[in-house]
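Undergrad:
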Amino acid sequence: MLLGESVAVEKMQDAPIIPDDGIGLENPPTLRIQNLPPPPTYLKPSFRDNNGTEDHVPDMEKPRNTICFRPTASHLEATQGGVFLDYLAEGAANIVFKIRPWTYLNHDRFTPKLNTFVCCSADDLGHIYLTPCITDKVLRISKGNVNTGTCEEIIDSFEKTIKPLFHKPLPISAPSMSSASSLNLTSPIRTPEKISPSASPAPGSASKYDGGRIGKQQVTSNPKQHQPHTEQHAQEQEDSQTESKPIQTHPSENELPLWEIVLNHFEKYAGGRLYSERSPRPHDAPASDLSSPHSCATYAEFLMSYQTVSLSSDAVFLLVAELVNKGVRKDTVRIPMHQQTGILLPNMSSKPGHHITIEIKPKWLAQSRDAPKDAYRCRTCALEASRSARDKKPVYICPLHLLSGDADIIRPYLHKKLVRAIMRMGENELLGPQLSAIVNRTTAYFASGQGHLLLNHLRDVQQQLDTRGIFDMSDVRHGRLDVSDKLCTAMTLRDTSMYIQVKVHGEYDSVPQDQPDYGVHCKLGDLDVKNPGKAASWREKETNLITKGWYTSRSEGLERRDHEQCRISAAWKLYEEHCP
Ligand SMILES: O=P(O)(O)O[C@@H]1[C@@H](OP(=O)(O)O)[C@H](OP(=O)(O)O)[C@H](O)[C@H](OP(=O)(O)O)[C@H]1OP(=O)(O)O
Ligand SMILES: Nc1ncnc2c1ncn2[C@@H]1O[C@H](COP(=O)(O)OP(=O)(O)OP(=O)(O)O)[C@@H](O)[C@H]1O
């Protein structure tokens, strides 16, 4: 296998193997395989045996300061430290394998599965040892997409850029809630004052703040008139854009965009509650005692530990074979051969009999800086509204609701997520009486516990890193990239995943009174710093949301119901109900 090559699987290819010489080419040719490759044969064990004597210098480069996966067909190696690498999941940019301890498939004969690997490391003298199997981890490998960094780059930017953002200490007393979540949950609804025209213009009318203006386009005078634009309209918008660039001016304190004024009213007068007639229920969780021994010291506790691993080229080949075996993708999967590195991460998957895991992408926890002033939706809800029925998220919550601390709104969302995770895990007995305890505990985690703190921290960092919006060029170093590193980091934190583990057995039944979110823990995943090369696509997305009316349209067909609706839409409804 040559430097610059990649292995691709195209199941429909005819030729079993077509090796190409890809050195130095921009788009290196690929090895195409139809059938699984034959397992490589390693006749000699490449580790120290039980007597401590090294009896083989392996046929791979000695890995230093790192560990290395390579396949094995040796019974001895497999029994002493073999692991299986099973396909677990994939995202747009990475493939994830679960590391499972090796087990006999046949007691009489050694019949290695194709994906039997050993994990080796070297000491200072270059002696190679078999590393005890690391079965509580997953192996994550980049697919090598154009805008995706190598594993080394990912780890480097994680250490230098991401980690410092989480070095802030966690509060040791109850969280001081943000404006979006400083809710008086017991206060009855009060009538909001009508937005004073002097404080802010009527929806859609002109003001100095035209954060929603693209080129010559002005927001229309009545938000109820907003509809997603036709293709022809979109073309007109595009044409107008070519004449003038997007303008981004920023509101001073007394020039807040309308959506923000309405949202502030919602938080202030309705106590942030979507259903105003509802009083707090007995099962609404009290705030967690954040000074308990379970408190984390800093927000860094929510980060996973990363470890680089190198992969022999045979290993990469067999991982691709594993993907074929599992029928992973109908189209092409590529794993770049030249990288031959992966990242070991803690395995956050559900573990039957122990915990269930739900995965949540909190997305944009504050409105986009570029949203029109009369936006009816937040950025995430606007994007979701723009999606076809097929592409919409099956279980959804507005990020601003998730952040709000309102247990009534968060609970139904978490309930759905947890039920799906339980069913996927196959522990259907958890759907019985235990379920409400599991849901309540997870709700408490997000409504008032550490999940709430983490979301607030993520929101703050997203806002601090993106102060001027996606069209701003002022922070860009001349001639280099057309988007700032800070914005790339903000976009990374808008795309991170929360892996929330909820204990489901054992001491979980005897929960401390003062800790309603007992047994719930979370780590953040996918913190690969985004490539500035994505800037054009981010701008295109934002422009599309603005010009096609996805932020502002009040079309019935776009409405989501109850807790699925956007918090900003809920605020508008309440405002208009009380200030017709
Ligand atoms: O644009 P968004 O907000 O939909 O985010 C994309 C994600 O869509 P989502 O809404 O989370 O399903 C998208 O996630 P999926 O592939 O849909 O799971 C990616 O994370 C994408 O980032 P990248 O191209 O892998 O760097 C994400 O793209 P960017 O973060 O670069 O915009
Ligand atoms: N540490 C982990 N433990 C368990 N499962 C994981 C872990 N990391 C990732 N996964 C699984 O693999 C999937 C893809 O991982 P990841 O989100 O890192 O890939 P990605 O390509 O960066 O995603 P995206 O499409 O969001 O860019 C996740 O959705 C999750 O199901």
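Going by the numbering used here, the first residue of the sequence shown is number 10, and it counts up by one from there. Each residue gets a CB set at the ideal place from its N, CA and C atoms; glycine is no exception.
Taking Cβ to Cβ, would you say V529 is nearer than 8 Å to V511?
TA: Contact: yes.
Undergrad: Got a sec? Which residues, its chain only, sit under 6 Å from L474 by beta carbon, not counting five neighbours each side?
TA: Answer for L474: K495, T498, A499, listed in chain order.
Undergrad: Would the beta-carbon of C387 fall within 8 Å of that of L423?
TA: The answer is no: Cβ separation not under 8 Å.
Undergrad: Buried or exposed: where does E573 fall if 16 or more other Cβ atoms within 10 Å of its Cβ makes it buried?
TA: E573 is buried by the Cβ-count criterion.
Undergrad: Report yes or no: do three or more beta-carbon pairs, one from the segment 322-333 and one from the segment 363-374, lie closer than 8 Å?
TA: Segments in contact, no.
Undergrad: By DSSP, does R149 sit in helix, in strand, or in coil?
TA: R149 falls in the strand class under three-state DSSP.
Undergrad: Just grab the DSSP bridge partners of G534 for me.
TA: Beta-bridge pairing links G534 to S506.
Undergrad: Touch check for the segment 556-569 and the segment 524-538: three-plus C-beta pairs under 8 Å?
TA: The segment 556-569 vs the segment 524-538: no contact.
Undergrad: List in chain order: all unbroken alpha helix (DSSP H) runs of 4+ residues lying wholly within the segment 437-477.
TA: List check, alpha helix (DSSP H) in window: 443-456, 459-474.
Undergrad: With a threshold of 7 Å, establish whether the CB of R378 neighbours any heavy atom of ligand 2.
TA: Flag unset: Cβ of R378 not near ligand 2.
Undergrad: Is it a yes or a no for the segment 540-550 touching the segment 164-184, going by three-plus beta-carbon pairs under 8 Å?
TA: The segment 540-550 is not in contact with the segment 164-184.
Undergrad: Per DSSP, what kind of secondary structure is Q316 in: helix, strand or coil?
TA: Note: Q316 maps to strand in three-state DSSP.
Undergrad: I believe R420 touches I479 by the beta-carbon criterion, under 8 Å. Please report the beta-carbon distance rounded to the nearest angstrom.
TA: Contact doesn't hold; Cβ gap of about 33 Å is too wide.
Undergrad: Sorted by chain position, which residues of the same chain lie with C-beta nearer than 8 Å to A430's C-beta, five sequence neighbours on each side aside?
TA: Cβ within range, chain order: S359, I365, T366, I367.
Undergrad: At what residues does the alpha helix (DSSP H) containing Y584 begin and finish?
TA: 576-587 is the extent of the alpha helix (DSSP H) around Y584.
Undergrad: Excluding sequence positions up to five away, which residues of its chain have a Cβ less than 7 Å from the Cβ of I143?
TA: These residues qualify, in order along the chain: I108, C128, L353.
Undergrad: Select from C77, E551, V155, L272 the residue whose C-alpha is nearest the C-alpha of D481.
TA: The option with the nearest alpha carbon to D481 is E551.
Undergrad: Assuming contact is defined by CB atoms lying nearer than 8 Å, are P371 and M507 in contact in what I supplied?
TA: Result yes, Cβ atoms of P371 and M507 sit closer than 8 Å.
Undergrad: Using a 10 Å radius around the Cβ and a threshold of 16 neighbouring Cβ atoms, would you call H461 buried or exposed?
TA: It counts as buried.
Undergrad: Which residues mark the beginning and the end of the alpha helix (DSSP H) in which K426 is found?
TA: 416-434 is the extent of the alpha helix (DSSP H) around K426.
Undergrad: Count the other CB atoms within 10 Å of the CB of G435; is the residue buried (16 or more) or exposed (fewer)?
TA: With fewer than 16 Cβ atoms within 10 Å of its Cβ, G435 is classed as exposed.
Undergrad: Measuring only from the beta carbon, is Y508 closer than 7 Å to any heavy atom that is part of ligand 2?
TA: Y508: yes, Cβ under 7 Å from ligand 2.
Undergrad: Counting only the same chain and skipping the five closest in sequence on each side, list residues whose C-beta sits under 7 Å from that of Y315.
TA: Here the set comprises I164, F167, I352, L354.
Undergrad: To which residues does DSSP link H673 through a beta bridge?
TA: Because the chain here runs from 10 to 589, residue 673 falls outside it and cannot be looked at.
Undergrad: Tell me, which residues are paired with A98 by DSSP?
TA: According to DSSP, which records beta bridges pairwise, A98 is partnered with V105.
Undergrad: Tell me which residues share the same chain as H466 and place their Cβ nearer than 6 Å to its Cβ, disregarding the 5 neighbours each side in the sequence.
TA: Correct list, in chain order: Y308.
Undergrad: C390 to E568, Cα distance in whole Å?
TA: So the alpha carbons of these two residues sit roughly 10 Å apart.
Undergrad: Should D494 be counted as a contact of ligand 1 given a C-beta to heavy atom distance under 7 Å?
TA: Answer for D494: no, Cβ out of range of ligand 1.
Undergrad: Does the Cβ of W547 lie closer than 7 Å to at least one heavy atom of ligand 4?
TA: Ligands displayed in this structure: ligand 1 and ligand 2; ligand 4 is not among them.
Undergrad: How about M313: is its Cβ closer than 7 Å to a heavy atom in ligand 2?
TA: M313 Cβ: within cutoff of ligand 2.
Undergrad: Tell me the DSSP secondary structure of T88 in three-state form.
TA: T88: helix per DSSP, three-state reduction.
Undergrad: Hey, could you find the ends of the alpha helix (DSSP H) H410 is sitting in?
TA: Element bounds for H410: 408-413.
Undergrad: Report all residues from its chain with a CB closer than 6 Å to the CB of P80; omit the five preceding and five following residues, and keep chain order.
TA: Closer than 6 Å at the Cβ level, and outside the excluded window around P80, lie P49, F126, D323, A324, L327.
Undergrad: Taking 7 Å as the cut-off, does the CB of P110 come closer than this to any heavy atom belonging to ligand 2?
TA: The answer is no for P110.
Undergrad: If you compare alpha carbons, which of D526, K557, Q89, I418 is closest to L5?
TA: Nothing in the structure corresponds to residue 5, since the chain is present only between 10 and 589.
Undergrad: Name, in chain order, the residues that DSSP records as bridge partners for E368.
TA: Answer is Y508.
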